[in-house]
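Residue numbers (this note's numbering), protein chains in the order written: chain A, 1 to 242; chain B, 243 to 762.
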Amino acid sequence: MELASLPRAVELVHAGARNPHWHPGVAPALHSEIFAASSDGGGMGALLALAGAALRQRERGRVEERALLWVQDKAAIRLSGRPYPPGLPQGLRHRVIHVAADSAKDALFALEEGLRCRDLACVIGEIGGNPKEMSFTASRRLTLAAERHDVPLFVLRHDARPDLGSARMRWQVCSAPSVPPLWDRGAPGHPSWHAELFRARGHAPGEWTLRDDGHALGAERIAAPDHGDLVPDAGARSLATG
Amino acid sequence: MAIWCQTLALDRWRQAEGCAPGEGPDAAPLVLTMDTAHGPRIEAANPAALAEGAAPGMMLADARTLCPRLDLRPADPAGDLAFLERFAVWAQRWGPWSALDAPEGVLVDVSAVAHLFGGEARLLADVVACCAGRGLAVRVAIAPTAGAAWALAHHGPERAILAPEDDPLARLADLPVAALRLDPDVLLVLRRLGLKRIGDLVRVESGAGDRASGRDALRRRFRTRHAASANPLIRLDQLIGHVPEPLLPVTMPEVPLVQRRLMEPIRHRDPLDTVMIDLAADMERLLEGRGEGARRLDLAMWRVDGEVLTRRLELAAATREATHICRLFAAKLDDIDAGFGIEMVRLTASWAQPLPLGQADLEAAAEEHGTSLAACIDRLSVRLGAGAVRRPVLHASHIPERSLRWQAPLEPEPLHQEELRFHARPTKLLDKAEAISVLYASPDGYPRRFRWRGEVHEVARVEGPERIAPEWWRERGNARLRDYYRVEDGLGRRYWIYRSGLPDDGRGGMPVWFLQGLCG
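What follows is the structure, encoded as structure tokens:
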């Protein structure tokens, strides 16, 4: 056994040394799952902010015109409607290809097909509730496909219990009161979201207040009492490479 | 040119029996019969049977009373028709195209062709000689129109030629009205009217002298007959050429064929296998170019001593894979007797079906590098339906639900004016705006609190109204304007709601509130 692979004492004492906290600059996970209430548009807002940050980081200033596959199942369409390009972020609004799937099974098929496509910049999925097809196996398939073909996947789960899933980052998101605009204090301002990262590979869980000003993702950490390193490190090992 | 095979059925039977006319089995009285609801009926009778009194159309029982020793064979009308089709293709040796004239004739277009054979008379002699060589008794005629040629072939003198400068009515006046290719009941009507020859019909039709009333009566009689074979007047016009008569030409389908002529006759299996691999590869390329796959393949091997060996392969599904074809033929070549050697091998796909081009390693390539966008969309639309995969494009309208159109994902985006930057729009739009109950201080003021899907939202911040007027050029006069508000509730959830109408706009009662979109 290599001594170097063993955790050092300082890492055992400080959880953050091996499991650093997430911050917007780190490499985005290829499979993220976001849980939000369907009556709250904030879930989709946070998803678009995270996806936008991931795309900006991957594209690095190149003008990319690769399309975006947006898959919704019937429950998601009924609960929260369809994407409306005039309201989407500037860089994404003309790139949307929308897939309206009848069932969660079809939606999972569409998500996987989208991940296998080399001409897509990103895949966004919306699934309502906890359908039985959305099992651990299904989510693991998605993770494998995303990591194999290097296409980021963001799945929004409307009104869902955080069940078993293999997503690399799992967020619980709700809206937070927005920053009042400068000129009209009574109007809704730039949106902000309260996001709790409750499960992530390579990162310690934590809570943030996220904001997106269209150019960068801002995150303000909400200090939580430190319970020590209760979740052992799983390592940032890719599932696809074994 | 019309060719009439007078005794097609009998000629075919003689060929099958291998006997010359009047010899062997043909010497005895013999009829070809077909079963009908009233018993066997005679379709054709040989000269000996005709002499005994049997005639086509008679019932067999009647003929047997006249001639008890009558021999009979079943007729084969389907085989006759198939033979006639091949005969029509063969007859294209005399002209560029030919048409079937079922049941016993063929029409060949010989316009500007006769000089190749040394004139029309020699052309007709050639036809008769060639047909006699095949054991067919034919009557032929050449005329400017198909109708006239048919009439002359069936009812005119032997090898009649109607030159374009001749008057067809004068030449054909003596022919019976049956030469007009009419139905039997029409012939019966004409016979009852006393019109037995074409000349009689022409005389009435021309209305010369005091026969104008006769002409009118004749026209009235056949006024409602629109089919050519039921109306002698149409047939008469076709005969002269006043009315066009479209004919359906017989075309020979082109069969994919590859062959190898061998420099040295081969006598062993190994070189034959090599030739087979070459032929299969050629056939694959040929079929690929045509976008077809073979269902039936015929392999023919010409031996030096004049024998032709054939092997046939039927396939379950259309294919053009060379290795597959070779493997299947290999088993059939084991019992080939090459004799002194095989000098030519030919492979024909006598039955081919459309088989689109496919990329063989599509799955492997997709596995390795990912699929293309088109392939991905194809897979999605095949599984989910074409309407499920679409792309939103802007449309020139301010009404939010109309400002979006959905189109196929790979179609080019139509030109449109970009959305104004100062319009804040929601990220998600509900398919149908949902009615909400709103508490407000004044009917045209800000909302204070609203209830949506059973939950009460306190409005903490609000921006608006953004007024969108109804599209008067499209909507009815009582359509109400919309005042849109962006609201944020105490928890920070943002919505896009609108009030439909104003309290005093005179287009209905109190305004109704709707929630249309969710802001991110």
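Backbone N, C-alpha and C fix where the C-beta goes; we use that ideal spot for every residue, glycine too.
- Under DSSP, Leu-314 (chain B) takes part in a beta bridge, and its partners are B:Val-273.
- For Asp-73 (chain A), the uninterrupted beta strand (DSSP E) run begins and ends at 67 to 73, by DSSP.
- Relative to the Cα of Glu-563 (chain B), the nearest Cα in the group B:Leu-597, B:Arg-381, B:Lys-574 belongs to B:Leu-597.
- Per the DSSP secondary-structure output, Trp-208 (chain A) pairs in a beta bridge with A:Ala-195, A:Arg-221.
- Excluding its 5 nearest sequence neighbours in each direction, Leu-504 (chain B) has C-beta neighbours in its own chain below 6 Å: Glu-585, listed in chain order.
- A distance below 6 Å between beta-carbons, with the five flanking residues on each side excluded, links Glu-526 (chain B) to the following residues of its chain, in chain order: Arg-562, Ala-564.
- Using a Cβ distance threshold of 7 Å, Ile-127 (chain A) and Ala-76 (chain A) count as a contacting pair.
- Taken in chain order, the members of the stretch 24 to 42 of chain A whose beta-carbon sits within less than 8 Å of a beta-carbon on chain B are Ser-39, Asp-40, Gly-41, Gly-42.
- Within the stretch 77 to 132 of chain A, complete beta strand (DSSP E) segments of at least 3 residues are found at 96 to 101, 120 to 128, given in chain order.
- It is roughly 9 Å from the alpha-carbon of Arg-66 (chain A) to the alpha-carbon of Arg-118 (chain A).
- The continuous beta strand (DSSP E) containing Glu-700 (chain B) extends over residues 697 to 710.
- For Ala-630 (chain B), a Cβ of chain A is located within less than 7 Å of the residue's own Cβ.
- Contact annotation for Pro-188 (chain A) against chain B: Arg-703, Val-704, Glu-705, Arg-728, Val-729, Glu-730, Arg-736, Cys-761 [CB-CB distance below 8 Å, chain order].
- In the structure shown, Asp-576 (chain B) adopts coil according to DSSP, grouped into three states.
- Using a CB distance cut-off of 7 Å, Arg-724 (chain B) does not count as an interface residue toward chain A.
- Counting along the chain, Glu-327 (chain B) sits inside the alpha helix (DSSP H) bounded by residues 319 to 332.
- Counting only unbroken stretches of 3 or more residues, the beta strand (DSSP E) elements lying wholly within the stretch 126 to 166 of chain A are 153 to 158, in sequence order.
- Here the C-alpha atom of Val-26 (chain A) lies approximately 38 Å from the C-alpha atom of Glu-697 (chain B).
- Rounded to whole angstroms, the Cβ separation of Arg-82 (chain A) and Leu-671 (chain B) is 6 Å, and the two are in contact under 8 Å.
- For Pro-689 (chain B), the uninterrupted beta strand (DSSP E) segment begins and ends at 689 to 694.
- In the displayed model, Trp-339 (chain B) falls within coil according to three-state DSSP, outside both helix and strand.
- Three or more Cβ pairs drawn from the stretch 546 to 557 of chain B and the stretch 572 to 588 of chain B lie within less than 8 Å of each other, which places the two stretches in contact.
- The beta carbon of Val-680 (chain B) sits closer than 7 Å to those of Pro-689, Phe-692, Trp-755, all from its chain and outside the five residues before and after it, given in chain order.
- Setting aside the 5 residues that flank it on each side, Asp-747 (chain B) is surrounded in the same chain by Arg-722, Leu-723, each with a C-beta closer than 8 Å to its C-beta; the list follows chain order.
- With contact defined as three or more Cβ pairs closer than 8 Å, the stretch 289 to 301 of chain B and the stretch 407 to 422 of chain B are not in contact.
- Neighbours of His-98 (chain A) in chain B, taken as residues whose beta carbon is under 8 Å from its own, are Val-631, Arg-632, Arg-633, Pro-634, Trp-648 in chain order.
- Ala-677 (chain B) and Asp-184 (chain A) have their C-alpha atoms some 28 Å from each other.
- Residues of the stretch 170 to 183 of chain A with a C-beta atom less than 8 Å from some C-beta of chain B are Cys-174, Ser-175, Ala-176, Pro-177, Ser-178, Pro-180, listed in chain order.
- Nearest to Leu-490 (chain B) by C-alpha distance, out of B:Arg-538, B:Ser-639, B:Ala-344, is B:Ala-344.
- Under the DSSP assignment, Ser-592 (chain B) falls in the beta strand (DSSP E) whose first and last residues are 584 to 596.
- Contact annotation: Val-446 (chain B) and Gly-456 (chain B) have beta-carbon atoms nearer than 7 Å.
- Boundaries cannot be given for Thr-249 (chain B), as no alpha helix (DSSP H) includes it and DSSP labels it neither H nor E.
- For Glu-113 (chain A), at least one C-beta of chain B is nearer than 7 Å to its own C-beta.
- Beta-bridge partners of Met-301 (chain B) (DSSP): B:Arg-283.
- The CB of Ser-80 (chain A) comes closer than 7 Å to the CB of Lys-670, Leu-760 in chain B, given here in chain order.
- Residue range 388 to 397 is occupied by the alpha helix (DSSP H) that includes Trp-392 (chain B).
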